[in-house]
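Heads up: the protein sequence lines correspond to chains A and B, in order. Residues in the first sequence are numbered from 3 upward in steps of one, following the numbering used here. Residues in the second sequence are numbered from 148 upward in steps of one, following the numbering used here. Glycine included, C-beta positions come from ideal geometry on N, C-alpha and C. Shown next, in structure tokens, is the structure this report addresses.
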Amino acid sequence: MNKVNFDSMKRFKAPEAWIEKAASIPAAIPTTVLKRRTAFPVYRFAAAASIVLVSAIGLLVFLLHRGAGELTVAPHSQNATQPPTAAAETVGESSYTAPILSDPTALSADGRQPTAGAAGRQATESAVNETAPSATVFAQHPMSRPDDPTAASQPTIIAPSAPFPTEVPKPTDPPSPIQPPTEPYRPPGDCEIYGTFSLGTAGGSGNYVAEETSIFCRLYDSSGRLVGDSPLFHPQREAKILSRNSDGSVLAYYNPVEKGMYITEDSYVYVFYDIHGNELYRDVKFVF
Amino acid sequence: MADKTFAGLSYDAVLQKYADTVAGVCVMRLQNWADAEDCFQNTFIKLFQKSPDFQSETHLKAWLIRVAINECRNYIAKNRRFLSLDSMSREAREGEPSVWHDNERDISWALIRLEPKYREVLYLHYCEQYKVDEIAHILGKNPNTAKTLLRRGREKLRKIYGGDGE
Chain A
3 MNKVNFDSMK RFKAPEAWIE KAASIPAAIP TTVLKRRTAF PVYRFAAAAS IVLVSAIGLL
63 VFLLHRGAGE LTVAPHSQNA TQPPTAAAET VGESSYTAPI LSDPTALSAD GRQPTAGAAG
123 RQATESAVNE TAPSATVFAQ HPMSRPDDPT AASQPTIIAP SAPFPTEVPK PTDPPSPIQP
183 PTEPYRPPGD CEIYGTFSLG TAGGSGNYVA EETSIFCRLY DSSGRLVGDS PLFHPQREAK
243 ILSRNSDGSV LAYYNPVEKG MYITEDSYVY VFYDIHGNEL YRDVKFVF
Chain B
148 MADKTFAGLS YDAVLQKYAD TVAGVCVMRL QNWADAEDCF QNTFIKLFQK SPDFQSETHL
208 KAWLIRVAIN ECRNYIAKNR RFLSLDSMSR EAREGEPSVW HDNERDISWA LIRLEPKYRE
268 VLYLHYCEQY KVDEIAHILG KNPNTAKTLL RRGREKLRKI YGGDGE
């Protein structure tokens with residue numbers, strides 16, 4: 003058996019031809035190849051720049067869309083979030099601009115007149131704004147709020163057209179106000195309203211001022227809604243006293259169209275009332 | 148270009164000093180003179196093109212062996228040729244050693260029959276006089292792995308060659 007001598011392994015001798023060929027490598031390799039090896043890797047720089055650019059564009063788009071999507075609260079919508087007054091709690095009024103729902107003396111569909119008691123005074127007090135001409139009068143005659151408006155002497159009839167919320171209304175965006183026409187609509191029929199009544203007689207209450215000269219008028223359409231957005235003691239609702247009789251009665255005149263209100267063909271219940279909100283006279287008017 | 152130095156040596160000096168080492172590694176790996184020559188030339192081309200900074204001649208030699216092995220692996224993977232023992236026994240070409248000493252030829256013949264992983268370790272250990280740790284560093288293996296490969300290579304070579312060996 004042969005003995006294995008590992009040390010006998012010798013290195014291979016490289017042939018001379020190989021060495022000569024390898025010696026000619028420096029002369030054979032062009033300088034451009036060597037320069038290209040040391041060239042700056044442009045593709046790496048381009049790849050990095052593209053990544054940075056795409057990231058920057060994405061961030062910019064995100065910031066722009068986020069800014070455009072931010073919602074701002076309209077200033078007038080804050081009034082809708084104010085807590086309602088005591089009267090509004092009973093009738094659901096949230097602002098003076100919508101006294102239709104807050105007026106406890108609002109006429110029902112069958113035309114029954116409500117009482118002009120404490121509930122009526124309470125409703126008028128809540129409907130007064132800064133422009134009310136008789137603000138000083140109210141200061142002289144402060145009225146106390148009833149704990150329960152339904153505890154009046156007579157039951158209050160609430161117009162069924164609008165349901166009254168039983169809880170504080172949640173703040174919502176106010177509806178866009180409908181721009182009234184520049185010219186009041188003039189139906190074919192006349193809109194003049196006349197009423198003869200005594201200032202000494204109120205519709206169920208004896209609280210009145212005999213020498214009171216400010217008389218107002220408000221209208222309710224066939225569905226029981228108050229016509230007009232102005233407060234109850236706004237000049238837009240002020241009626242004229244055409245004449246005074248010897249027995250103390252007066253002839254009052256009111257034209258809603260002259261006052262800038264929008265009137266359509268309908269049957270209206272009009273109510274004359276004094277500065278304290280006491281009802282003086284009411285009747286039905288058909289406009290056609 | 149002629150002024151390039153590699154670990155303090157000129158290109159021609161490196162070629163003269165390490166040509167046999169690179170050639171042996173290529174032949175051991177490819178078992179074919181023609182293919183070995185291509186890898187031999189590619190190794191020195193890479194040396195000249197890359198011109199790395201070598202800390203010492205030992206570093207340079209290890210770098211050359213490593214590059215030669217990689218060139219051979221790439222060549223095999225590219226060509227997917229099955230090397231046969233007949234390629235070594237054919238008629239000698241120009242430049243090939245025409246005369247083999249009996250002992251060398253037998254050892255070489257037996258070495259070629261081993262698997263490449265044993266072949267490299269045995270060649271570097273016995274022909275290039277590398278230690279196990281140096282072989283592990285050149286081949287990128289764990290020293291224990293290199294030691295195991297060396298031991299198993301010896302056993303396999305002994306079986307192929309026959310006889311009681313060291």
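Return the first residue and the last residue of the alpha helix (DSSP H) that residue i is part of.
i	result
B:Gly194	Going by the sequence as given, residue 194 of chain B is Leu instead of Gly. Element bounds for B:Leu194: Trp180 to Lys197.
B:Val279	Val279 to Leu286
B:Ala166	Tyr158 to Leu177
A:Glu169	From DSSP, A:Glu169 is part of no alpha helix (DSSP H); its letter is neither H nor E.
A:Lys2	For chain A, the structure presents residues 3 to 290; residue 2 of chain A sits outside this window and is missing.
B:Glu267	Pro263 to Leu269
A:Ile31	No alpha helix (DSSP H) contains A:Ile31, which DSSP labels as neither H nor E.
With DSSP run on the structure shown, which of helix, strand or coil describes residue i?
i	result
B:Thr152	strand
A:Thr198	strand
A:Phe288	strand
A:Ser57	helix
A:Tyr264	coil
A:Arg246	strand
B:Ser203	coil
A:Glu281	strand
B:Leu297	helix
A:Leu228	strand
B:Arg220	helix
B:Leu258	helix
A:Glu22	helix
B:Asn226	helix
A:Pro233	coil
A:Ser163	coil
A:Pro173	coil
Looking at chain B, is there any beta carbon in it that lies within less than 8 Å of the beta carbon of residue i?
i	result
A:Pro43	no
A:Ala16	yes
A:Ile31	yes
For a cutoff of 8 Å on Cβ pairs, would you count residue i as touching chain A?
i	result
B:Gln178	no
B:Phe153	no
B:Ala170	yes
B:Phe201	no
B:Val174	yes
B:Glu218	no
B:Glu184	yes
Using a C-beta to C-beta distance shorter than 8 Å, which residues of chain B count as neighbours of residue i?
i	result
A:Ile21	Leu162, Gln163 and Ala166
A:Ile53	Within chain B, no residue comes near A:Ile53; the closest Cβ sits about 29 Å away, beyond 8 Å.
Counting only Cβ pairs nearer than 9 Å, list the residues of chain A close to residue i.
i	result
B:Gly287	Under the 9 Å cutoff, chain A gives no residues; its nearest Cβ is about 22 Å from B:Gly287.
So if DSSP puts residue i in a beta bridge, which residue, or which two residues, is it bridged to?
i	result
A:Phe218	A:Glu240 and A:Tyr275
B:Val214	The partner list for B:Val214 (beta bridge, DSSP) is empty, contrary to what the question assumes.
A:Ala254	A:Gly197 and A:Ile243
A:Tyr270	A:Lys287
A:Leu65	Looking at the DSSP assignment, A:Leu65 forms no beta bridge with any residue, so it has no partner.
At a CB-CB cut-off below 7 Å, which residues of chain B make contact with residue i?
i	result
A:Ile27	Phe191, Ile192 and Phe195
List the residues of chain A whose Cβ lies closer than 7 Å to the Cβ of residue i, in chain order.
i	result
B:Asp159	Ala25
B:Glu262	The contacting residues do not exist; B:Glu262 stays about 17 Å from chain A at best.
Is any non-hydrogen atom of the ligand PLP found closer than 7 Å to the C-beta of residue i, if you look at the structure I gave you?
i	result
A:Ser245	Absence of the ligand PLP is noted for the structure shown, with no ligands found whatsoever.
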